[in-house]
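Position 117, counted from 1, in the sequence shown is what our numbering calls 738; the numbers after and before it change by one each time, with no gaps. Please read the structure below before turning to the comments.
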Amino acid sequence: MPGQAEELSFSGELSLTARYYEDDGLFFGQPSSGTSYIPEGRFGFRTDLGFAEAEFEVYGRADSRTGSELVDIQKAYLLTGGDRWSVLVGSDIVFWGVAESYNPVNIINQNDNFGRFDETRKLGQPMVNVNFESGALGTFSFYGLFGFREPDLGTTSSRPRFIVVPDDDVAIFEKSSDKIDFAFRNTNTVGIGNGSLDYAVSYFNGTDRTPVFLPGCANRRFPVSVPTCNAVNRSILASYAGLRPGSQLPLAGQVFLNAPLPTQLFLLSGASVGAVPYYQEIEQVGVELAYATGNWVWKFEGAQRFAQNEDYFLGVAGVEYRFNQAFGTPGALTLAAEYTYDDRSNLQPFTVFDDDVFVSARYDFNNRLMSSITLSGLFDMGNGGDVYMLDISSRLTDSTQISFSATQVDFGGFFDPLSLLTRDDYYELKLTYFF
């Protein structure tokens, strides 16, 4: 916690990634096969001001082929407190979760969707975060989240992307993008038998970070006027609000059939018709469990969400085992297996983690260069699609790192969500310099 003022300490990293796509893009406007060069940078500093600690971190990147660019202030906060309490004011990135495949409870920050749909990268979120350490009952954390961060939903040239590129300019909010969201989390560690249990219970009340894409007036062109466009989208929203789970029709078809005749005729005209992002209000109750005993770790992570049209559950359960000195070497081999489940209907935001098995094998060399290799796969039990991933990384020196990754997608049919990625297999080589 804050004490005497200290000098600034700076840190950062610069990297260059070469990403090679094997195939031409599936959709009109996407680049052909070839290599994209992606420069990235991260710069930050921290200091103790005496009355508070201050930290700042900014991240930026660009893509040579798609023209995608991002500059995001991920951390910019003051932190103060005492022996059992702390208060953070500013922008920060907060991680919730214990699973390897994905983290359904991790909802504080907006997703950075660049190049993938796995929700692993996040954007900074302005907040006030108050933490209390209670002793036997663990840590209680309270969050007030200010200003909704709309995600970058891509352009026609983005890889990967949805079939229809959503129009950010006509985004609709169930309440307001300026409202304050609230969250709470209690974390603790308790001894059970021969092991220890890390648990967390959380609650979120606010705007869903992922939108529902509704058919409506988007990418408006003459002669469609702004009032006409707004009226159509209000009608579409009313149509969506009247839907209930159970239909096997795609969401666009359900909205169309439930809309009044003038709105149906507008959608059939094709003029200024596209995907409208709709951000609904949700409540989420989450649970995280990680029980470690010996070389075993048993994990569960689940969330119950309460949305406008339905309530649904999403969760991950799995186990991992670590072999120390594997194969008679100083290295360690960690094997993991998880099952992901999601019972949302097609009225809710898109997900690929609805009925899948995830397996991975990671070998850490435990050497000075921090070398590792990970092979993993995601197998869709419902549609038969698979995703295979390989990640290799190693330090070259104390200040440089090289990494290689590859992703291959085998989709299970036209209705498989992975069919969006069928031509987005890629290989990636990345060189990073730390300072």
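Ideal Cβ placement from N, Cα and C applies to all residues, glycine included.
Which residue's Cα is closest to the Cα of residue i: the options?
{"i": "Val-1030", "options": "Tyr-962, Asp-1007 and Tyr-1048", "result": "Asp-1007"}
{"i": "Leu-935", "options": "Tyr-942, Phe-948 and Phe-921", "result": "Phe-921"}
{"i": "Trp-1059", "options": "Arg-943, Phe-631 and Gln-651", "result": "Outside the shown range of the chain (622 to 1056) lies residue 1059, about which nothing can therefore be said."}
{"i": "Asp-977", "options": "Gly-1005, Asp-693 and Ile-694", "result": "Gly-1005"}
{"i": "Asp-975", "options": "Ile-659, Glu-643, Leu-691 and Asn-724", "result": "Asn-724"}
{"i": "Asp-713", "options": "Glu-721, Asn-807, Ser-653 and Gln-731", "result": "Gln-731"}
{"i": "Ile-801", "options": "Asn-854, Asn-750 and Gly-662", "result": "Asn-750"}
{"i": "Gln-905", "options": "Val-719, Arg-806 and Ala-639", "result": "Arg-806"}
{"i": "Gly-907", "options": "Ala-958, Ala-938 and Val-822", "result": "Val-822"}
{"i": "Ile-994", "options": "Met-1002, Leu-1011, Ile-857 and Phe-979", "result": "Leu-1011"}
{"i": "Asn-752", "options": "Gly-765, Gln-746 and Thr-741", "result": "Gly-765"}
{"i": "Ala-938", "options": "Glu-721, Gln-651 and Asp-773", "result": "Glu-721"}
{"i": "Asp-985", "options": "Ser-966, Thr-955, Arg-640 and Phe-834", "result": "Thr-955"}
{"i": "Asp-932", "options": "Ser-630, Gln-969 and Ile-857", "result": "Gln-969"}
{"i": "Pro-747", "options": "Thr-760, Asp-799 and Asn-967", "result": "Asp-799"}
{"i": "Gly-681", "options": "Leu-858, Thr-828 and Phe-735", "result": "Phe-735"}
With 16 as the cutoff for other CB atoms within 10 Å, does residue i come out buried or exposed?
{"i": "Asp-788", "result": "buried"}
{"i": "Leu-1041", "result": "buried"}
{"i": "Gln-869", "result": "exposed"}
{"i": "Pro-832", "result": "buried"}
{"i": "Met-991", "result": "exposed"}
{"i": "Glu-690", "result": "exposed"}
{"i": "Phe-767", "result": "exposed"}
{"i": "Ala-862", "result": "exposed"}
{"i": "Glu-678", "result": "buried"}
{"i": "Pro-660", "result": "exposed"}
{"i": "Arg-770", "result": "buried"}
{"i": "Ser-762", "result": "buried"}
{"i": "Ser-654", "result": "exposed"}
{"i": "Pro-585", "result": "Any answer about residue 585 is impossible in this case: the structure gives the chain only from 622 up to 1056."}
{"i": "Asp-645", "result": "exposed"}
{"i": "Gln-946", "result": "exposed"}
{"i": "Asp-790", "result": "exposed"}
May I ask you to report which of helix, strand or coil DSSP gives residue i?
{"i": "Ser-1040", "result": "helix"}
{"i": "Gly-949", "result": "helix"}
{"i": "Phe-887", "result": "helix"}
{"i": "Val-853", "result": "helix"}
{"i": "Gln-651", "result": "coil"}
{"i": "Phe-631", "result": "strand"}
{"i": "Ser-877", "result": "Just to set this straight, residue 877 is Phe in the shown sequence, not Ser. Helix."}
{"i": "Pro-660", "result": "strand"}
{"i": "Val-845", "result": "coil"}
{"i": "Ser-1015", "result": "strand"}
{"i": "Val-791", "result": "helix"}
{"i": "Leu-870", "result": "coil"}
{"i": "Ser-860", "result": "helix"}
{"i": "Leu-835", "result": "strand"}
{"i": "Leu-766", "result": "strand"}
{"i": "Leu-882", "result": "helix"}
{"i": "Gly-895", "result": "strand"}
{"i": "Val-906", "result": "strand"}
{"i": "Leu-1050", "result": "strand"}
{"i": "Ala-757", "result": "coil"}
{"i": "Lys-796", "result": "coil"}
{"i": "Ile-801", "result": "coil"}
{"i": "Asp-645", "result": "coil"}
{"i": "Gln-925", "result": "strand"}
{"i": "Ile-784", "result": "coil"}
{"i": "Phe-1055", "result": "strand"}
{"i": "Ser-992", "result": "coil"}
{"i": "Glu-676", "result": "strand"}
{"i": "Leu-999", "result": "strand"}
{"i": "Arg-686", "result": "coil"}
Excluding the five sequence neighbours on either side, which residues of its own chain have a C-beta within less than 7 Å of the C-beta of residue i, listed in chain order?
{"i": "Gln-888", "result": "Here the sequence assigns Leu to residue 888, which means Gln is not the residue at that position. Counting only Cβ-Cβ distances below 7 Å, and skipping sequence neighbours, we find Pro-836, Phe-877 and Val-894."}
{"i": "Lys-743", "result": "Ile-714, Asn-730, Gln-731, Asn-732 and Asp-733"}
{"i": "Arg-830", "result": "Ile-728, Gln-731 and Asn-732"}
{"i": "Asn-967", "result": "Pro-871 and Leu-872"}
Can you give me the Cβ contacts of residue i inside the same chain, cut-off strictly under 6 Å, excluding the 5 residues immediately before and after it?
{"i": "Ser-1024", "result": "Ser-1014 and Lys-1051"}
{"i": "Asp-1045", "result": "Arg-780 and Pro-781"}
{"i": "Tyr-962", "result": "Gly-936"}
{"i": "Gly-718", "result": "Asn-724, Val-726, Asn-727 and Glu-922"}
{"i": "Met-1002", "result": "Asp-976"}
{"i": "Phe-825", "result": "Ile-728, Ala-804 and Gln-905"}
{"i": "Gln-925", "result": "Val-906 and Phe-934"}
{"i": "Ser-632", "result": "Gly-665"}
What does a CB cutoff of less than 8 Å around residue i pick up in its chain, not counting 5 residues either side in sequence?
{"i": "Leu-699", "result": "Leu-670, Ala-673, Glu-674, Ala-675, Leu-709, Val-710 and Gly-711"}
{"i": "Ile-1053", "result": "According to the sequence provided, residue 1053 is Thr. The question's Ile does not apply to it. Counting only Cβ-Cβ distances below 8 Å, and skipping sequence neighbours, we find Glu-634, Leu-635, Ser-636, Thr-1021, Gln-1022, Ile-1023 and Ser-1024."}
Can you find a heavy atom of the ligand GTP that lies under 8 Å from the Cβ of residue i?
{"i": "Leu-629", "result": "In the structure on display, the ligand GTP does not appear, and there are no ligands present to speak of."}
Any beta strand (DSSP E) of 3 or more consecutive residues that is wholly inside the stretch 699 to 753: Note on the stretch 699 to 753: whole beta strand (DSSP E) runs with a minimum of 3 residues are 706 to 713, in chain order.
Segments assigned beta strand (DSSP E), at least 3 residues, entirely inside the stretch 930 to 976: Counting only runs of 3 or more, we get 932 to 945 and 953 to 963.
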